[in-house]
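Asker: Going down the list, the protein sequences come from chains A and B. Numbering of the first sequence is given in my numbering, commencing with residue 1 and proceeding in unit increments. Numbering of the second sequence is given in my numbering, commencing with residue 1001 and proceeding in unit increments. Glycine included, every Cβ here is placed at the ideal spot set by N, Cα and C. Every value quoted in this text rests on a predicted model; they were computed, and no experiment measured them.
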Amino acid sequence: MTSIKPLSAGTNFRAVDFPRAQFAYDQSTIANWNTATYTVNVAATNPEVAVRCLAPTSGKIGVCISGGPRNNSTVVDRFFLAFRVLEGDPADGTLIQTDDAKWGISNTATSDASDDYSYGGHFTVVGGLTPGVYYYFQSRFRDTVAPVTGTADCAFRTLMAIPLP
Amino acid sequence: MAINAGSQAYGVDLPPTQYDQDWTTQSPTTTTYTAGQPEVGVNFVAPSSGRVLVTLGAGTRTTTAVTTRAVVTFIVYNDNSDGPVVQAADFNNGITGIGTASVSQYRYVGTFKMISGLTPGRNYYAQMVHRSTAAVAAGVVSIAARDISVIPLT
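So, in structure tokens, the structure goes:
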């Protein structure tokens, strides 16, 4: 049972909000990716980039995802870096929000022989979360044209979750 | 004053984060900023610091081999979109497509900007707007997704 205590005017206190912001990254390049379904990692070379974050009183957490995608062939192929939100442990958690590149980032892709890396980030708000519950923010990636080889790369991935007012 | 472990306190600051998004494709044909249909924007209250973080996201492309780009940025008004402009639309506060000599695909990306000097407790409206970098036919420049959030800062 939570008790709400009155505070006198002028009292200084540090609220339990906000929980800690969380950050994860991987700076190893994902090379020649050719799977068109969302994937968490590449065994032995590219680890999962994900964080667990406690929802604040507002139920809102900001997610900042960034990466360095490119398309280095004449095949018009994009690398989508997105994230999904699960409740609790990723192994058995309820899916709260699915992956969508519109909440993530991608390179553009042209038929030119070599489009170089297009680094960028995207900050979005995930709302409606239950205060005091842990959520799992998991970056996932895919390419848009499969199966082809030697096209979509990603130089790095970062993911940050920030409890918001 | 001591607060027992497990007590919960919710400060008057900060006002709530506000956010909005829409995934209806927009196709600007002129260099004049428009809010599009539907409009994407949020009302917010400035915190004691008078400072907020505005974040934007968009997916932009050009469907013919011209270097014209889409521009997606924002305006901050007092009260609502009929109110005085506090932060005018600025190319440099936003997102653009990439102009190449080839057809390009949607590129999704975001940006953010801190706005300061706001009046604490006052209502503001942050509105997404977009345009093309040159006059083009409908469908040449497209915007697949737009999102905005406004986060009060300390």
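Valine 1141 (chain B) CB to nearest chain A CB: under 8 Å?
Answerer: no
Asker: Rounded to a whole number of angstroms, what is the C-alpha to C-alpha distance between aspartate 1147 (chain B) and isoleucine 162 (chain A)?
Answerer: 17 Å
Asker: Quick one: grab the DSSP three-state call for tryptophan 103 (chain A).
Answerer: Helix.
Asker: Check the Cβ-Cβ distances between alanine 55 (chain A) and every residue of chain B, and say whether any is below 8 Å.
Answerer: By the rule that beta-carbons nearer than 8 Å mark a contact, alanine 55 (chain A) does not touch chain B.
Asker: Could you work out which residue in A:Pro165, A:Met160, A:Gly93, A:Thr130 is closest to phenylalanine 83 (chain A) when comparing CA atoms only?
Answerer: A:Met160
Asker: Counting along the chain, where does the beta strand (DSSP E) carrying aspartate 173 (chain A) start and finish?
Answerer: Any property of residue 173 (chain A) remains undetermined from this structure, which presents chain A solely from 1 to 165.
Asker: Where does asparagine 1080 (chain B) fall in DSSP's three states?
Answerer: coil
Asker: According to a CB-to-CB cut-off of less than 9 Å, which residues of the segment 1027 to 1041 of chain B neighbour chain A?
Answerer: none
Asker: I'd like to check one pair, valine 1150 (chain B) with alanine 1126 (chain B): are the Cβ atoms closer than 8 Å?
Answerer: yes
Asker: For glutamine 1087 (chain B), which residues from the same chain have a beta carbon less than 7 Å from its beta carbon, with the 5 sequence-adjacent residues on both sides left out?
Answerer: Ile1075, Val1076, Ile1115
Asker: Grab the span of the beta strand (DSSP E) containing glycine 127 (chain A) for me, first residue to last.
Answerer: Note, glycine 127 (chain A): premise wrong, no beta strand (DSSP E); not H, not E.
Asker: Which bits of chain A does phenylalanine 1112 (chain B) rub up against, with CB to CB less than 7 Å?
Answerer: Phe123
Asker: Less than 8 Å between CB atoms is the rule here; does proline 1120 (chain B) satisfy it with respect to chain A?
Answerer: False, the Cβ-Cβ gap to chain A never drops below 8 Å.
Asker: Where does phenylalanine 1091 (chain B) fall in DSSP's three states?
Answerer: helix
Asker: Hey, does threonine 1055 (chain B) have any beta-carbon neighbour from chain A nearer than 8 Å?
Answerer: For threonine 1055 (chain B), the answer is yes, since a Cβ of chain A falls inside 8 Å of its Cβ.
Asker: Taking 8 Å as the threshold (C-beta atoms), are alanine 1137 (chain B) and threonine 1029 (chain B) in contact?
Answerer: yes
Asker: Using a Cβ cut-off of 9 Å, pull out every chain A residue sitting near glycine 955 (chain B), in sequence order please.
Answerer: Beyond the ends of chain B as shown, which are 1001 and 1154, falls residue 955 (chain B); an answer cannot be given.
Asker: On a Cα-Cα basis, can you pick out the residue from A:Gly127, A:Asn107, A:Leu86, A:Gly120 that is closest to threonine 57 (chain A)?
Answerer: If you compare the alpha carbons of A:Gly127, A:Asn107, A:Leu86, A:Gly120 with that of threonine 57 (chain A), the shortest gap goes to A:Gly127.
Asker: Compare the Cα-Cα distances from proline 165 (chain A) to each of A:Ile61, A:Asn41, A:Phe79, A:Phe23 and report the closest residue.
Answerer: A:Ile61
Asker: Thinking valine 75 (chain A) and valine 145 (chain A) are a contact (beta carbons under 8 Å), I'd like their distance in whole angstroms, please.
Answerer: 6 Å
Asker: Closest by CA to threonine 98 (chain A), which one among A:Phe141, A:Pro147, A:Asn41?
Answerer: Looking at A:Phe141, A:Pro147, A:Asn41, the one whose alpha-carbon comes closest to that of threonine 98 (chain A) is A:Phe141.
Asker: Taking the CB atoms as reference points, tell me whether aspartate 115 (chain A) and asparagine 71 (chain A) lie closer together than 8 Å.
Answerer: yes
Asker: Against chain A, with Cβ distances strictly below 8 Å, would alanine 1070 (chain B) count as a contact?
Answerer: no
Asker: Considering only the beta carbon of each residue, do tyrosine 136 (chain A) and glycine 104 (chain A) sit closer than 8 Å?
Answerer: no
Asker: Can you name the start and end residues of the beta strand (DSSP E) that phenylalanine 1044 (chain B) belongs to?
Answerer: Run containing phenylalanine 1044 (chain B): 1041 to 1045, per the beta strand (DSSP E) assignment.
Asker: Have a look at B:Val1054, B:Gly1097, B:Pro1152 and flag the residue whose alpha-carbon is nearest the alpha-carbon of valine 1066 (chain B).
Answerer: Looking at the Cα atoms, B:Gly1097 is the closest of the given residues.
Asker: Along the segment 1126 to 1152 of chain B, what residues have a CB closer than 8 Å to any CB found in chain A?
Answerer: Ala1144, Ala1145, Asp1147, Ser1149, Ile1151, Pro1152
Asker: Verify the CB distance criterion: does serine 1049 (chain B) have a CB-CB separation below 8 Å to chain C?
Answerer: Protein chains A and B are contained in the structure displayed, whereas chain C is not.
Asker: Methionine 1 (chain A) to arginine 52 (chain A), Cα distance in whole Å?
Answerer: Low confidence applies here, because methionine 1 (chain A) scores a pLDDT of 49, under 50, leaving its location unreliable and the question unanswered by this model.
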